[in-house]
Amino acid sequence: MKDLYPSRKNNRPEIMKRKDPVIHTDRSKDSLAPISEEQLDFYEENGFLQIENFFSKQEVSEMQKGIFELQDSSGGVSSDKVIREPQSDEIRSIFHVHQDDDYFNKVANDQRLLDIVNHLLGSDVYIHQSRINYKPGFTGKEFDWHSDFETWHVEDGMPRMRGVSLSIALSDNYTFNGPLMLIPGSHNYYVSCVGETPDNNYKESLKKQKLGIPDHDSLRWLADQGGGISVPTGAAGSITLFESNTMHGSNGNITPYSRNNLFMVYNSVENQLVEPYSGGKKRPEFIAVRDGVPTLSSSK
1 MKDLYPSRKN NRPEIMKRKD PVIHTDRSKD SLAPISEEQL DFYEENGFLQ IENFFSKQEV
61 SEMQKGIFEL QDSSGGVSSD KVIREPQSDE IRSIFHVHQD DDYFNKVAND QRLLDIVNHL
121 LGSDVYIHQS RINYKPGFTG KEFDWHSDFE TWHVEDGMPR MRGVSLSIAL SDNYTFNGPL
181 MLIPGSHNYY VSCVGETPDN NYKESLKKQK LGIPDHDSLR WLADQGGGIS VPTGAAGSIT
241 LFESNTMHGS NGNITPYSRN NLFMVYNSVE NQLVEPYSGG KKRPEFIAVR DGVPTLSSSK
């Protein structure tokens, strides 16, 4: 399959325009959408959308209980799915929770979420990746700037920009406790990065990403084009949807207030993975689901 978004193949970065729509359902059918026309406009223009108080306090409490029970039970576990901080034994992320945990499988298949992502992607969907991210107070480390699609394309073989990430806030998000930062409008441009991808790069990149990190000039250009950087804040239970190519990152957390979230990636069943465009080995299933089976409640 032709590589429409080459990256990590040249010795200098390049910025190219997006070749795919942002919303894949016909916008003339927005009257049937599960979110408002204004929300769809915002997502299409900026590449992300926050919906505050999406989940009830009771639902949030159950999810919080679930993530900490999973953290406690994984404390002494040696597994590639349990990612620890680069300089400590603290758990940074736990992957594949939609498959390994019945409760989080139900959350991932919540019809309210599926209705939105089905509309954005214009088809049935499946879960490409799921994980819990923990960012404890005082010690939670940063996530460098990146486009998820660049990695999924190069290392997993995701052909087109037809995926959406969904973050469920399970702690209150402030401007100061390492929240998600996004560059508005960056989804309209693809930054081709430098550096050759070694096999098993994921073993290091999930702790600290070094490849697929845009150069400073490209990041500055994107921020200038989009009018700066957006930092969605809000109470636990809010959700943030962002397009697969939206540039994002987060600072470390040196405050007393933790910042935890449940993160899921929905991909169109019409955008199933092919061979990695890096030419390297496929990453494990817990990082990149390859079977493309529609989610249980998905109906488009």
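Just so it is clear: in the sequence shown, position 287 is 287 by the UniProt record's numbering, and no numbers are missing.
Using N, Cα and C, we set each Cβ at its ideal position, and we do this for glycine too.
Asked: For Glu-14, the first and last residue of its enclosing beta strand (DSSP E); Found: 14-17
Asked: Closest Cα partner of Ile-67 within the set Thr-295, His-187, Phe-263; Found: Phe-263
Asked: Residue range of the unbroken alpha helix (DSSP H) whose run includes Glu-37; Found: 37-46
Asked: Sequence-distant residues of its chain with Cβ nearer than 6 angstroms to Asn-10 (five each side left out); Found: none
Asked: Beta-carbon proximity of Asn-177 to Thr-255, cut-off 7 angstroms; Found: yes
Asked: Cβ-based neighbour list, Lys-281, same chain, cut-off 7 angstroms, excluding 5 preceding and 5 following; Found: Asp-199
Asked: Bounding residues of the beta strand (DSSP E) (the contiguous stretch that carries Pro-165); Found: Checking the displayed sequence, the identity of residue 165 turns out to be Ser instead of Pro. Ser-165 -> beta strand (DSSP E) spans 163-169.
Asked: Touching by the beta-carbon criterion (3+ pairs, under 8 angstroms), the region 3-18 and the region 81-96; Found: no
Asked: Range covered by the beta strand (DSSP E) that runs through His-248; Found: 247-250
Asked: Sequence-distant residues of its chain with Cβ nearer than 6 angstroms to Gly-122 (five each side left out); Found: His-24, Thr-25
Asked: Classification of Ala-288 by the beta-carbon crowding that lies within 10 angstroms, buried from 16 upward; Found: buried
Asked: Coarse secondary structure for Gln-111, derived from DSSP in three states; Found: helix
Asked: Span of the beta strand (DSSP E) around Met-181; Found: 180-182
Asked: CA nearest to the CA of Gln-129, picked from Tyr-43, Met-158, Ala-235, Val-191; Found: Met-158
Asked: Close-in-space but distant-in-sequence residues of the same chain around Lys-17 (CB under 8 angstroms, 5 per side omitted); Found: Asn-188, Tyr-189, Tyr-190
Asked: Cβ distance (whole Å) where Leu-222 is taken to contact Phe-48 below 8 angstroms; Found: Rounded, the Cβ-Cβ distance is 14 angstroms, inconsistent with contact.
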